[in-house]
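J.: So in our numbering, the last spot in the sequence shown is 472, and the numbers never skip. Ideal Cβ placement from N, Cα and C applies to all residues, glycine included. Owing to the predicted nature of the structure, the values given are computational and were not obtained by experimental measurement.
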Amino acid sequence: MTNNSSSAPPPSTHRKVALAGHNIAKRFGHVNALIDANVTVHAGEVVALFGDNGAGKSTFLKTLLGVHQPDEGKIIVDDQEVEMNSIRDAQNLGIDCVHQELALAPDISVVDNMFLGHEEMRHGGLGLLGALSRKDMTEKADAALRELSINLPSLKIAVRDLSGGQRQAVAVARAVMWSRSALLLDEPTAALGARQSEIVGDMMRTVASRGLGVLCVSHDLPRALKFADRVVILWRGETALDAPAAGLTVPDVVSTMVGYKKEEAA
Ligand SMILES: Nc1ncnc2c1ncn2[C@@H]1O[C@H](COP(=O)(O)OP(=O)(O)OP(=O)(O)O)[C@@H](O)[C@H]1O
Ligand SMILES: [Mg+2]
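The structure is reproduced here in structure tokens:
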């Protein structure tokens with residue numbers, strides 16, 4: 207039955223916000239790392255975050271992860287304003303990250319790295335999956351790596367014995383495995399070859415198609431423009447551009463990244 211009544215409410219145009227930082231300011235002593243940064247990632251969307259070196263991209267991501275507390279502004283997760291005081295708070299809200307520094311433990315195995323920071327899953331406790339045996343852990347880690355077409359010599363070897371690209375792939379797979387609301391990536395393809403970088407791009411689209419928000423910092427502008435729905439550019443701690451990726455070219459992005467307010471600032 208169709209409803210042609212003129213009093214019917216209009217279809218909802220609300221798009222769920224998976225993760226957002228509004229008017230974020232963050233100072234480190236005299237350094238204004240973020241002045242007025244605004245990024246919104248809707249559920250199902252891949253947003254590329256660009257900016258010159260030192261523009262504040264990693265600081266912004268760390269603020270959305272509870273590593274840094276903002277001096278001003280608010281953070282939204284799943285349409286709700288939240289306060290995060292630690293990375294554990296972010297994890298509990300379903301946010302996971304590939305850090306620029308990767309944050310893998312070199313001396314322990316690939317499998318143990320995949321569960322690093324989520325130890326309660328192993329021991330039952332708060333875990334959604336209950337206590338996991340070593341066999342379960344290995345299977346889960348193996349499936350997450352295989353989903354990204356990552357082939358490693360063994361999951362039992364220590365991360366220090368992997369190549370730089372393999373390490374980066376493990377960090378990406380781990381973040382994908384644990385994120386439920388939003389996935390943040392800080393230069394996830396910096397150490398990867400062309401094939402693996404394409405796989406990470408496809409993976410971001412797959413994660414978004416499951417209804418998560420994906421926010422990716424990248425200096426690989428052509429590839430990020432290809433995989434992103436929207437682009438946000440930070441310039442010296444403030445949002446200089448927020449626009450659909452379609453129609454933007456690399457020269458457009460570069461000129462905003464380096465030239466925004468340049469005359470004014472000179
Ligand atoms: N923990 C910190 N203490 C002091 N200053 C910091 C800290 N973290 C970042 N900064 C400063 O904040 C500014 C922004 O740094 P950030 O790492 O966010 O830049 P970025 O955009 O990620 O750069 P890149 O592209 O080089 O990774 C820089 O001037 C940096 O020196
Ligand atoms: Mg950075």
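DSSP three-state label for T445, please.
T.: In the sequence shown, the residue the question calls residue 445 occupies position 239. Reduced to three states, the DSSP call for T445 is strand.
J.: Around the Cβ of S403, are there at least 16 other Cβ atoms within 10 angstroms (buried) or fewer (exposed)?
T.: For the purposes of this step, residue 403 is taken as the residue at position 197 of the sequence shown. Its Cβ being crowded by 16 or more others within 10 Å, S403 is buried.
J.: Is S264 near ligand 2 - that is, is its Cβ less than 7 Å away from at least one heavy atom of it?
T.: Residue numbering aside, residue 264 sits at position 58 when the sequence shown is read from its first letter. It does: the Cβ of S264 is within 7 Å (strictly closer) of some heavy atom of ligand 2.
J.: Kindly indicate which residue of V382, V237, V413 has the alpha-carbon position closest to the one of F433.
T.: Here residue 433 refers to the residue found at position 227 of the sequence shown. That would be V413, whose Cα lies nearest to the Cα of F433.
J.: Using the Cβ count rule (16 or more neighbours within 10 Å means buried), how would you classify H274?
T.: Counting from one through the sequence shown, the residue named residue 274 turns up at place 68. H274 comes out buried.
J.: Just curious, the beta strand (DSSP E) that L267 is in, first and last residue?
T.: Position 61 of the sequence shown holds residue 267. Where L267 is concerned, there is no enclosing beta strand (DSSP E), although the alpha helix (DSSP H) it sits in stretches over 263-270.
J.: Quick check: does the Cβ of V247 come within less than 7 Å of any heavy atom belonging to ligand 1?
T.: The residue labelled residue 247 in the question sits at position 41 within the sequence shown. Not so, every heavy atom of ligand 1 lies at least 7 Å from the Cβ.
J.: Given that a residue counts as buried once 16 or more other Cβ atoms are within 10 Å of its Cβ, and exposed if not, what is H305?
T.: Here residue 305 is taken as the residue at index 99 of the sequence shown, counted from 1. That one is buried.
J.: Starting from E278, follow the alpha helix (DSSP H) in both directions and report where the run begins and ends.
T.: What you label residue 278 is simply residue 72 of the sequence shown in a count that begins at 1. From DSSP, E278 is part of no alpha helix (DSSP H) but of the beta strand (DSSP E) over 278-283.
J.: Taking the continuous beta strand (DSSP E) assigned at I301, which residues delimit it?
T.: Here the question's residue 301 lines up with position 95 in the sequence shown. Its beta strand (DSSP E) spans residues 301-304.
J.: Would you report the Cα separation of S339 and G443, rounded to the nearest angstrom?
T.: The count along the sequence shown starts at 1 and reaches residue 339 at position 133. The count along the sequence shown starts at 1 and reaches residue 443 at position 237. The straight-line gap from Cα to Cα measures roughly 45 Å.
J.: Starting from A388, trace the beta strand (DSSP E) both ways and give me its first and last residue.
T.: Reading the sequence shown from its first residue, position 182 is the one you call residue 388. Its beta strand (DSSP E) spans residues 388-392.
J.: Note down the Cα distance separating D295 from P359, rounded to an integer number of angstroms.
T.: Residue numbering aside, residue 295 sits at position 89 when the sequence shown is read from its first letter. Residue numbering aside, residue 359 sits at position 153 when the sequence shown is read from its first letter. Looking at the two C-alpha atoms, the distance is approximately 34 Å.
J.: Mark F154 as exposed unless 16 or more other C-beta atoms lie within 10 angstroms of its C-beta, in which case mark it buried.
T.: The structure shown does not extend to residue 154, since the chain spans only 207 to 472, so no value can be given for it.
J.: Any heavy atom of ligand 2 inside 7 Å of the beta-carbon of Q374?
T.: Translated into the one-based positions of the sequence shown, residue 374 becomes position 168. No, Cβ of Q374 sits at least 7 Å from all heavy atoms of ligand 2.
J.: Please report the straight-line C-alpha distance between K346 and I301, rounded to a whole angstrom.
T.: Along the sequence shown, one-based indexing puts residue 346 at 140. Along the sequence shown, one-based indexing puts residue 301 at 95. Each residue's Cα considered, the two are about 19 Å apart.
J.: Could you check the C-alpha separation between I241 and G260 for me, to the nearest Å?
T.: Sequence index remark: in the sequence shown, residue 241 carries index 35 (1-based). Sequence index remark: in the sequence shown, residue 260 carries index 54 (1-based). Roughly 13 Å separates the two Cα atoms.
J.: Leaving out five residues before and five after V423 in sequence, what residues of the same chain have Cβ atoms less than 6 Å from its Cβ?
T.: Within the sequence shown, the letter at position 217 stands for residue 423. Taken in chain order, the residues that qualify are L255, K263, D392, E393.
J.: Out of A388, E287, A350, point me to the one whose CA is closest to V316's CA.
T.: Here residue 316 refers to the residue found at position 110 when the sequence shown is read from its first residue. For the residues A388, E287, A350, the minimum Cα distance to V316 belongs to A350.
J.: Verify the contact flag: V437, CB atom, against every heavy atom of ligand 1, threshold strictly below 7 Å.
T.: Walking along the sequence shown from the start, residue 437 turns up at place 231. No, since every heavy atom of ligand 1 falls outside the 7 Å radius drawn around the Cβ of V437.
J.: Measuring only from the beta carbon, is Q306 closer than 7 Å to any heavy atom that is part of ligand 2?
T.: Mapped onto the sequence shown, residue 306 falls at position 100. Yes; taking the cut-off as 7 Å, the Cβ of Q306 has a heavy atom of ligand 2 nearer than that.
J.: Return the CA-CA distance between V252 and G419, expressed in angstroms with no decimal places.
T.: Here the question's residue 252 lines up with position 46 in the sequence shown. Here the question's residue 419 lines up with position 213 in the sequence shown. Rounded to whole angstroms, V252 to G419 spans 6 Å at the Cα level.
J.: Mind listing, in chain order, the continuous beta strand (DSSP E) runs of no fewer than 3 residues lying wholly within the stretch 363-410?
T.: Here the runs fully enclosed are 388-392.
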